[in-house]
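Quick note: to get our numbering, add 491 to the position in the sequence shown (first position is 1).
Ideal Cβ positions, reconstructed from N, Cα and C, are used throughout, including at glycine.
Down below is the structure, laid out as structure tokens.
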Amino acid sequence: MSEQTQSHDTEAETYDVVAVQDKWLPVWDRLQPFRADDDAPREKKYALTMFPYPSGDLHMGHAEVFALHDVMARYWWQKGYEVLNPMGFDSFGLPAENAAIKNDEHPDTYTRANIARSIESCKKYAASFDWTRTFNTSDPEYYRWTQWLFLKFHERGLAYRKNSPVNWCPQDQTVLANEQVVGGTCERCGAEVTKKELTQWYFKITDYAQELLDGLDELEQTWPDRVVTAQRNWIGRSEGAHVDFAIEGRDEPVTVYTTRPDTLFGATFMVVAADAALAGELVTEEQRPALDDYLVEVRKETEINRLSTDRPKTGVFLGVHATNPLTGTQIPVYAADYVLADYGTGAIMAVPGQDQRDWEFAQAFDLPVIRTVQPPADWEGEAFTGDGPAINSANDEIDLSGLGVAEAKSTTIAYLEGQGLGRGTVNFRLRDWLLSRQRYWGAPIPIVHCPVDGEVRVPEDQLPVTLPDLRGADLKPKGTSPLGGATEWVNTTCPTCGGPATRDTDTMDTFVDSSWYMFRYCSPQDHTQAFDSAKVNAWMPCNLYVGGVEHAVLHLLYGRFFTKVLNDMGLVDFREPWLAQLNQGFVINQGKKMSKSLGNGVNLGDQLGAFGVDAVRLTLVFAGPPEDDIDWADMSPAGSLKFLQRAWRLSGDVASEVGASPEGGDVALRRVTARTVHDAGELVESYRFNVMVARVMELVNATRKAIDSGCGPADPAVREAAEAVAILLSLVAPYTAEEMWARLGHEPTVARTGWPEVDPALLVEESVTAVVQIKGKVRARLEVAPDISEADLEQLALADASVQRALDGATVRKVIVRAPKLVNIVT
492 MSEQTQSHDT EAETYDVVAV QDKWLPVWDR LQPFRADDDA PREKKYALTM
542 FPYPSGDLHM GHAEVFALHD VMARYWWQKG YEVLNPMGFD SFGLPAENAA
592 IKNDEHPDTY TRANIARSIE SCKKYAASFD WTRTFNTSDP EYYRWTQWLF
642 LKFHERGLAY RKNSPVNWCP QDQTVLANEQ VVGGTCERCG AEVTKKELTQ
692 WYFKITDYAQ ELLDGLDELE QTWPDRVVTA QRNWIGRSEG AHVDFAIEGR
742 DEPVTVYTTR PDTLFGATFM VVAADAALAG ELVTEEQRPA LDDYLVEVRK
792 ETEINRLSTD RPKTGVFLGV HATNPLTGTQ IPVYAADYVL ADYGTGAIMA
842 VPGQDQRDWE FAQAFDLPVI RTVQPPADWE GEAFTGDGPA INSANDEIDL
892 SGLGVAEAKS TTIAYLEGQG LGRGTVNFRL RDWLLSRQRY WGAPIPIVHC
942 PVDGEVRVPE DQLPVTLPDL RGADLKPKGT SPLGGATEWV NTTCPTCGGP
992 ATRDTDTMDT FVDSSWYMFR YCSPQDHTQA FDSAKVNAWM PCNLYVGGVE
1042 HAVLHLLYGR FFTKVLNDMG LVDFREPWLA QLNQGFVINQ GKKMSKSLGN
1092 GVNLGDQLGA FGVDAVRLTL VFAGPPEDDI DWADMSPAGS LKFLQRAWRL
1142 SGDVASEVGA SPEGGDVALR RVTARTVHDA GELVESYRFN VMVARVMELV
1192 NATRKAIDSG CGPADPAVRE AAEAVAILLS LVAPYTAEEM WARLGHEPTV
1242 ARTGWPEVDP ALLVEESVTA VVQIKGKVRA RLEVAPDISE ADLEQLALAD
1292 ASVQRALDGA TVRKVIVRAP KLVNIVT
């Protein structure tokens, strides 16, 4: 073992991870290097990560998203931007409340303890958050403005209350928005969701459906494809027509929405959602018992089951007939479960020849089938949903025969409008946002119910309407809000007439809180307004938003909606809140999602204790592209720690003076350093963080090789390389980077020292290696000029002795040249 290697091993033993963390954390707390200055002259960047629910301490998922997010935020600081990178806590809502109840604590007490623990963990994890801007959504100073915004939405007709069938979670005992039902289950607890008739509060997000859809055209350039696709599908724009069907014994027609008005000649029956109010209005007294019995069964089904294509069709005849407006035929009206009450008008015209579900229903109830689109000659299917010429589609006034689907649709719509039988229309799958919850831990809805004046807005000077404490009360979900039992709180006076009134006892869903928090970060200490518009317009829209794809049609859609309303109110001058978005994958273990029941959980605290913060962060960033899942069983934080020790040792091997000019230093090493720094910037900006780390590892190895091969620690190129390693590592492994920076003779903090400057001349390659292949096998490697011509490269390759031996007199049929790196010889 050489003397030099012995020295390195001894130094490696002195690299005390815990001591380094304990050394630098208080220094950073004192210096606050990431405190954003609203008035700084530098160009601003806003780095935002989805803030966490404080239902426990940080876990591996937080560790991943914070590590990835931090690469970008720290990079922007190094590039000379003024960076707003705040952190707060989404402390209202079901996750925090359920965790508190499980631990038999009041939500406020439990949540504040978790927040304190999370802040301590975040700081130890060295995330570059500006802690001077922290707030919690459960603080009255915050939810005062959540309530203020609700009132503003109410004034604009965007917040309203109505009675309707709603999604009901039997476990959490509260309603859910459509976006919170995933595969028929509650996205919070996984319980199977049912339907329930309730009067609830809604935000009129459908008023912005078209603009929410149009905005995706621009966002698709910088947002993940799957998020854009998910939102497009959820908004679900379709073009069609509203068609009026006369119903026997009823003065008003029933209007149905159809995307295929061209198939109206094939409508042989009508289907109404069994749980729609319309079914109860249309059913005859004779058929009402049958409908009531059927409804009992329907209400046991989830929406996902009702829409399933592989279940038998069921239904009940309502005892009435409708008139097909184009054929004059009397068609029976059924109630069935495969139509949903909140889609279109809750009723459809059934065309079994062109719709498979209608076909199956027609077969089950022996109803006629009339094809209106000619299927291919070899068609052996049932319903035909493709394009083709119209057939069986004519009366005395309109003839669609032979027309394609698009032309037949427009012709039919024009005829319906001319006859007053219907009108062309656009429909959306998107439904209004159901925001009220029957739980305690949320912002109270600032509405008073008066027997004289009805719904009355709480005056702004009476905000916030604070939650009653209810300590000692049973907050377990019971189906009605616990606030209803707080009689002193509920009973109040009407702000309009001064008479007795009651407060609304529902609270707002936590997604209301998180739909505007990014604005509050711009002026969190301003208690005179929700946010300072001038500061918001200076910092926003956010340049990058990092978080989970599971919020593609939840938080991300709601936040976009809020931004458009705030713009309409004149409070912000932009209509999209996040310019770019980055989704991280999941941290799994042994091929599966971490679970206590599976015994494959990984405790973040244990990993940090065993390997240190930097090794865990480096492992998560280096694992692969940010959007990929990480299987911790395949990761090696021990290997990451060994690399960090190698990098750290470089800083102790530098013998040149601080500030020594690298000019005259080892040119080969300087070229590697320059190329690494140049490429690292491009890699970070394209979110290829793992490749950036790999390039830093290569630079460490190149520097060690240069030292060991005679370059010498006093060579200024070694200092240049070691300092570049420290700066690049500051994006991923801040403790190691800061310690290296100090050992290199610099004052803290390396995170704000600035991106290394690169001499463009060092990026120009003096030579490149050209590979020569014969029949796909490499036969020679040639060092050539980067600008060599194809003709010259071909000549050099054919003249090479190794190539001549490999050819052994064979006839050369073709030479494919890709200067300056490849020659392929075909014999």
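- Under the DSSP assignment, residue 825 falls in the beta strand (DSSP E) whose first and last residues are 821 to 827.
- Counted as a single uninterrupted DSSP element, the stretch harbouring residue 932 is not any alpha helix (DSSP H), since DSSP gives it neither H nor E.
- For residue 855, the closest C-alpha among the options 828, 803 and 888 is that of 803.
- In this structure, residue 734 places its C-beta atom within 8 Å of the C-beta atom of residue 840.
- DSSP places residue 1067 in the coil class of the three-state scheme, outside both helix and strand.
- Rounded to whole angstroms, the separation of the alpha carbons of residue 772 and residue 820 is 22 Å.
- The shortest CA-to-CA distance from residue 932 to any of 1004, 1120, 849 and 548 is the one to 1004.
- Across the set 1296, 881, 657 and 813, the C-alpha of 881 shows the shortest separation from the C-alpha of residue 845.
- Under the three-state reduction of DSSP, residue 916 is assigned to strand.
- Of 1289, 555 and 1052, the smallest CA-CA separation from residue 1263 is found for 1289.
- The Cβ neighbour count for residue 605, taken over all protein chains shown within 10 Å, is at least 16; the residue is labelled buried.
- In terms of Cβ geometry, residue 1111 and residue 618 do not form a close pair [threshold 8 Å].
- In the three-state reduction of the DSSP assignment, residue 989 falls in the coil class.
- With a cutoff of 8 Å on beta-carbon distance, residue 973 and residue 939 are scored as not near each other.
- For residue 542, the closest of 1006, 796 and 661 by C-alpha to C-alpha distance is 1006.
- In terms of CA proximity to residue 613, 547 leads the group 547, 1002, 989 and 722.
- By the Cβ-count criterion, residue 886 is exposed, with fewer than 16 other Cβ atoms from all chains shown falling within 10 Å of its own Cβ.
- Selection 1214, 963, 705 and 1174 evaluated against residue 1150 yields 1214 as nearest (Cα-Cα).
- Taking a contact as a CB-CB distance under 8 Å, the pair residue 1037 and residue 556 counts as one, their CB atoms being some 6 Å apart.
- Each of 1266, 1157, 907 and 723 was checked against the Cα of residue 1201, and the nearest Cα belongs to 1157.
- Rounded to the nearest angstrom, the gap between the Cα atoms of residue 570 and residue 1246 is 5 Å.
- Per the coordinates, the alpha-carbon of residue 912 lies some 51 Å from the alpha-carbon of residue 955.
- Residues of the same chain with a CB within less than 8 Å of the CB of residue 631, apart from the 5 flanking positions on each side, are 955 and 957 in chain order.
- Secondary structure note for residue 656: its beta strand (DSSP E) is the uninterrupted segment 650 to 660.
- As for any alpha helix (DSSP H) of minimum length 4 sitting wholly inside the segment 680 to 741, the runs are 700 to 705, 707 to 710 and 716 to 726, ordered along the chain.
- The segment 909 to 928 and the segment 695 to 703 touch, with no fewer than 3 CB-CB distances between them shorter than 8 Å.
- Between the alpha carbons of residue 1048 and residue 658 lies a gap of roughly 19 Å.
- Apart from the 5 residues on each side of it in sequence, residue 1307 sits with its Cβ closer than 6 Å to the Cβ of 1315 in its chain, given in chain order.
- Taking a C-beta distance under 8 Å as the contact criterion, residue 721 and residue 1044 qualify as a contact pair.
- Ranked by how close their Cα comes to the Cα of residue 1115, the residues 1058, 527 and 1076 have 1076 in first place.
- The secondary-structure analysis by DSSP pairs residue 547 with nothing; it has no beta-bridge partner.
- In the displayed model, residue 615 falls within a helix according to three-state DSSP.
- Leaving aside the five residues that flank residue 996 on each side, the residues in its chain whose CB is nearer than 7 Å to its CB run, in chain order, 972, 974, 975 and 981.
- Non-local beta-carbon contacts of residue 914 in its own chain, meaning distances under 6 Å to residues more than five positions away in sequence, involve 733 and 908 in chain order.
- Look at residue 1075 here: in three-state DSSP terms it is strand.
- Residue 535 is bridged by DSSP to 573.
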